[in-house]
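Have a look at the structure below before the remarks.
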Amino acid sequence: MATVDEILKFLERGGFVSGQEISRALGVSRNAVSKWVRTLRERGYDIESVTNKGYRLIRQPDFISEEKITRALSTAYIGRPTVYLDEVDSTNEEIKRRARTSSGQGLVAVADRQTLGKGRLGRRWESPKGMSIYLSVLLRPELAPSQVQCLTLASGLAVCNTINALGFSSKIKWPNDVIIGNKKLCGILTEMSVEDNAVSFAVVGIGINVNNSAFPQEIESKATSLYIESGEVCERSDIIAALLKQLELVYDEFIMGGFQAIREEYASLCATIGREIKAELRGRTIIGQAVDIAEDGSLIIKTDSGLEHISTGEVAVQGIY
Ligand code: BT5
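Okay, structure coming up:
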């Protein structure tokens with residue numbers, strides 16, 4: 003019986019290989035060949051299929067492993083340990099389950115696929131297998147619940163720095179998106195558990211589109227990936243290790259000096275500043291120009307009736323999806 007690995011060997015020779023040639027050489031039916039090709043695609047291999055020519059391997063998947071991440075890691079506590087899962091409902095949920103069994107600050111969960119990837123307000127985060135980064139970090143900061151929103155901002159800055167160090171020019175759409183051009187590359191979801199009005203733990207979940215060559219129709223006009231922007235496949239494990247280092251640097255700065263310590267750097271990378279925006283604030287619609295980020299991380303809007311501060315919620319920015 004032919005195995006998927008044998009079929010892969012044919013494809014790895016490069017160029018087109020006909021289904022007939024493979025089926026003859028391995029002594030299996032054409033149907034069996036197309037079934038194995040489907041399996042390879044599900045494992046993240048990008049295989050082109052053209053009538054009368056056959057199959058052609060375009061891209062190998064980029065495998066993540068705990069070992070690859072740990073080898074590249076240079077942090078003191080973030081990502082120590084890092085748990086890798088082939089599949090999970092949501093890395094945020096995984097960290098919450100583990101936080102309740104007294105795991106320490108810095109624990110990271112990374113998955114190759116999420117079956118129930120979450121955005122804010124019950125929205126979905128598209129989490130296909132084998133191409134993107136889905137990770138969550140457990141933090142136990144001594145913060146008031148109202149300051150936890152700043153962890154999202156700090157994480158956005160860390161993502162932006164990591165991506166830009168690879169040669170891209172990403173920016174932050176306040177509060178929780180990292181964008182390239184006008185499209186969303188990354189979303190961040192911070193959740194917390196509060197006891198006696200103090201934060202017992204926070205979970206920062208980060209999703210970055212890395213090697214995706216396309217997106218589902220609902221988001222294709224507003225989403226992008228590093229592969230779409232550069233035409234090159236990136237090693238996710240290396241990006242994860244670099245990101246965890248940046249997160250540690252930025253969190254340490256934030257915990258020691260408050261948001262004020264990272265405010266200027268955040269503002270310099272914030273694409274929202276200077277744009278016309280529309281936001282909902284406690285049932286009111288605010289329209290104006292975003293002018294700055296305040297010391298507590300809120301967005302300052304200049305409206306016809308003066309300055310307004312927005313600390314959470316949905317902000318529509320003119321010119322960005
Ligand atoms: C976010 O929500 O942007 C937060 C996303 C956080 C995802 C990470 S992955 C690891 C961790 N585990 C989880 O379960 N979640 C976190 P929001 O601002 O509500 O944006 C959600 C919207 O972005 C959706 O309604 C879509 O319009 C769009 N979207 C969904 N998937 C996308 C993707 N892969 N790339 C770009 N945009 C996407």
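If you count by this note's numbering, then the sequence shown holds residues 3 to 323, one letter each, in order. Cβ atoms here follow ideal geometry from the backbone N, Cα and C, with glycine treated the same way.
Could you tell me which of the options sits nearest to residue i, measuring between CA atoms?
i, options, result
"Thr314", "Leu283, Asn184, Ala27, Ser36", "Leu283"
"Gly121", "Leu191, Ala146, Leu155", "Leu191"
"Gly299", "Asn33, Thr5, Leu155", "Leu155"
"Ile325", "Ser223, Glu197, Ser148, Leu153", "Residue coverage of the chain in this structure runs from 3 to 323, which leaves residue 325 outside it and unanswerable."
"Gly233", "Ala74, Ile279, Ser215, Asp240", "Ser215"
"Ser20", "Ala167, Val35, Asp7", "Val35"
"Leu309", "Val319, Ile289, Glu316", "Ile289"
"Asn33", "Asp7, Val319, Gln22", "Gln22"
"Asp64", "Arg45, Tyr57, Thr72, Tyr79", "Arg45"
"Tyr86", "Ile135, Gly260, Leu42, Leu271", "Ile135"
"Arg126", "Glu220, Ala204, Lys280", "Glu220"
"Ile242", "Ile49, Glu69, Gly259", "Glu69"
"Val6", "Arg40, Gly321, Gly17", "Arg40"
"Glu193", "Val205, Phe217, Glu95, Ile80", "Val205"
"Pro147", "Cys188, Ser202, Arg82, Glu278", "Ser202"
"Ile208", "Phe217, Ala167, Val161, Gln149", "Val161"
"Arg238", "Ile275, Ile71, Gly17, Ala281", "Ile71"
"His311", "Val317, Ile302, Ala318", "Ile302"
"Cys152", "Glu278, Pro218, Phe12, Phe261", "Phe261"
Using a 10 Å radius around the Cβ and a threshold of 16 neighbouring Cβ atoms, would you call residue i buried or exposed?
i, result
"Pro177", "buried"
"Met133", "buried"
"Asp306", "exposed"
"Gly158", "buried"
"Ile60", "exposed"
"Thr103", "exposed"
"Ala273", "buried"
"Asn54", "exposed"
"Val52", "exposed"
"Leu123", "exposed"
"Lys247", "buried"
"Asp179", "buried"
"Ala292", "buried"
"Thr93", "buried"
"Gly169", "exposed"
Report, in whole angstroms, the separation of the C-beta atoms of residue i and residue j, which I expect to be a contact under 8 Å.
i, j, result
"Thr226", "Lys186", "7 Å"
"Asp114", "Asp91", "At roughly 13 Å, the Cβ-Cβ gap does not stay under 8 Å, so Asp114 and Asp91 are not in contact."
"Gln116", "Leu141", "Contact flag wrong, Cβ pair sits at about 20 Å."
"Ala269", "Asp294", "6 Å"
"Leu137", "Val112", "5 Å"
"Val139", "Val110", "5 Å"
"Glu250", "Ala78", "7 Å"
"Cys236", "Asn213", "7 Å"
"Val252", "Ala281", "About 25 Å; that fails the 8 Å criterion."
Verify the contact flag: residue i, CB atom, against every heavy atom of the ligand BT5, threshold strictly below 7 Å.
i, result
"Ser31", "no"
"Asp64", "no"
"Ala1", "Examination of residue 1 is not possible in this model, given that the chain is present from 3 through 323 alone."
"Leu155", "no"
"Trp127", "yes"
"Arg238", "no"
"Ile190", "yes"
"Ala318", "no"
"Arg115", "no"
"Lys280", "no"
"Asp88", "no"
"Leu123", "yes"
"Gly46", "no"
"Asn94", "yes"
"Leu137", "yes"
"Ala216", "no"
Does any C-beta atom of chain C lie closer than 8 Å to the C-beta of residue i?
i, result
"Gly276", "Absence of chain C from the displayed structure is noted, only one protein chain being present."
TODO: With a floor of 4 residues, list each alpha helix (DSSP H) that falls wholly inside the region 82-115, ordered by position along the chain.
DONE: 93-101
- [ ] Taking only runs that begin and end inside the region 144-182, name each unbroken alpha helix (DSSP H) of 4 or more residues, in chain order.
- [x] 151-167
Task: Every unbroken alpha helix (DSSP H) inside the region 242-312 [4 residues or more] - done: 262-270
TODO: Could you tell me which uninterrupted alpha helix (DSSP H) segments, each at least 4 residues in length, are contained entirely in the region 33-81, listed from first to last along the chain?
DONE: 68-74
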